[in-house]
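Protein chains: 2
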Amino acid sequence: MSPSHIALPEVGKPHTECCQATRQILDRVGDKWSLYLIATLAPGPRRFNELKRGIEGISQRMLTLTLRGLERDGLITRTLFPTIPPRVDYELTKLGHTLLKPTMALVEWAHENKLAIAEAQSHFDQQPTS
Amino acid sequence: MSPSHIALPEVGKPHTECCQATRQILDRVGDKWSLYLIATLAPGPRRFNELKRGIEGISQRMLTLTLRGLERDGLITRTLFPTIPPRVDYELTKLGHTLLKPTMALVEWAHENKLAIAEAQSHFDQQPTS
DNA sequence: CAGGATCCTTTCAGATACTG
DNA sequence: CAGTATCTGAAAGGATCCTG
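Have a look at this one:
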């Protein structure tokens with residue numbers, strides 16, 4: 023209910039509500055396959071089996087579920103061509119494209135800092151089990 | 023024994039590789055509690071029970087695990103004061119602070135588009151089960 | 001105070017078989 | 001081709017008890 027323009031509150035404030043919207047997005051963007059799909063769809067529309075072949079390792083089930091989730095959030099569209107055999111195109115919506123930008127910012131951050139992170143990890147893992 | 027490093031099969035697309043490193047980050051940032059912790063730690067160091075009280079709903083177990091993960095990634099530091107009773111301060115590292123910026127971009131995106139998303143969702147949920 | 005160890009329930013995700 | 005339905009093992013996560 024609070025019309026907060028700041029999504030991440032301070033300690034002590036009931037921030038469950040304002041963070042909830044963000045968590046939804048991050049759950050979506052950060053889940054196992056959504057990012058791959060968004061990236062794969064960035065250049066243009068793709069068909070179901072194109073995606074399945076393009077994203078190796080994804081199961082049919084997870085591809086379907088992830089596509090449904092993205093579609094439900096309005097990030098992609100699903101277009102059915104009632105031909106025989108049927109053809110379905112998936113494509114990023116405008117909303118999906120706007121998500122691309124902040125997502126890529128995070129991608130760049132990850133790329134720029136992955137060495138530092140890997141270093142921190144291996145250093146942490148070498149710590150004696152105190 | 024098992025392949026400890028993620029070896030995503032070659033797809034022929036360069037973005038696959040960058041997504042793999044990114045997925046690690048997004049897994050971290052997008053998991054259930056990390057964002058709350060990073061946000062809560064943004065203003066300054068906090069103690070264990072401060073965090074526990076400040077982030078309503080988090081269990082002790084998940085707080086500990088999430089803190090360990092963030093520490094392992096070099097995003098926060100853990101400082102033990104060997105007093106009695108003991109005191110532990112958690113604080114964002116420089117790396118952690120740099121993550122704040124791209125994260126906030128995503129947070130803002132989420133905030134700006136949550137209405138559109140909610141709308142898309144309710145519209146999707148009203149679709150006849152065809 | 002700041003956790004570690006354990007149990008136990010829920011959820012996730014892969015494999016498989018079937019359909020318009 | 002583009003899915004749906006079901007089963008099952010794996011993993012996440014909460015609750016609880018115990019410790020330096």
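Protein sequences appear in the order of chains P and C.
Going by the numbering used here, the final residue of the first sequence carries number 152, and the count climbs one at a time with no gaps.
Going by the numbering used here, the final residue of the second sequence carries number 152, and the count climbs one at a time with no gaps.
Where a beta carbon is used, it is the ideal one built from N, C-alpha and C, also for glycine.
No experiment lies behind these values; they were computed from the predicted model shown.
In angstroms, rounded to a whole number, what distance separates the CA positions of residue i and residue j?
i	j	result
Ile139/C	Arg45/C	23 Å
Trp111/P	Arg90/P	Correcting the residue identity first, residue 111/P is Asp in this sequence and not Trp. About 13 Å.
Pro124/C	Arg68/C	23 Å
Arg50/P	Gln149/P	34 Å
Thr115/C	Leu97/P	34 Å
Ala127/P	Ile106/C	44 Å
Ile28/P	Pro108/P	Residue confidence for Ile28/P is low, a pLDDT of 41 falling below 50, so the modelled location carries little weight and cannot support an answer.
With DSSP run on the structure shown, which of helix, strand or coil describes residue i?
i	result
Leu97/C	coil
Asp175/P	Within the shown structure, residues of chain P are numbered from 23 to 152, placing residue 175/P beyond reach of any answer.
Lys136/P	helix
Trp131/P	helix
Glu141/C	helix
Lys54/C	coil
Pro124/C	helix
According to DSSP, which residues form a beta bridge with residue i?
i	result
Glu113/C	Thr99/C
Arg155/C	Summary: the structure shown does not reach residue 155/C, with chain C confined to residues 23 through 152, and so no result is reported for it.
Could you name the residues of the same chain whose beta carbon sits closer than 6 Å to that of residue i, not counting the 5 residues immediately before and after it, in chain order?
i	result
Ile181/C	The structure shown does not extend to residue 181/C, since chain C is modelled only from 23 to 152, so the question has no answer here.
Is the shortest distance between the beta-carbon of residue i and the beta-carbons of chain C less than 8 Å?
i	result
Lys136/P	yes
Glu93/P	yes
Leu128/P	yes
Phe146/P	yes
Strictly under 8 Å for the Cβ-Cβ distance: is residue i near chain P by that measure?
i	result
His119/C	no
Ile47/C	yes
Leu57/C	yes
Thr44/C	yes
Ile98/C	no
Gln143/C	yes
Val110/C	no
Spatial neighbours of residue i within its chain, please: CB distance less than 8 Å, with the 5 preceding and 5 following residues excluded, ordered by chain position.
i	result
Gln82/P	Lys74
Output needed for residue i: all residues of its chain with C-beta closer than 7 Å, excluding positions within five of it in sequence on either side, in chain order.
i	result
Gly118/P	Ile60, Leu97, Ile98
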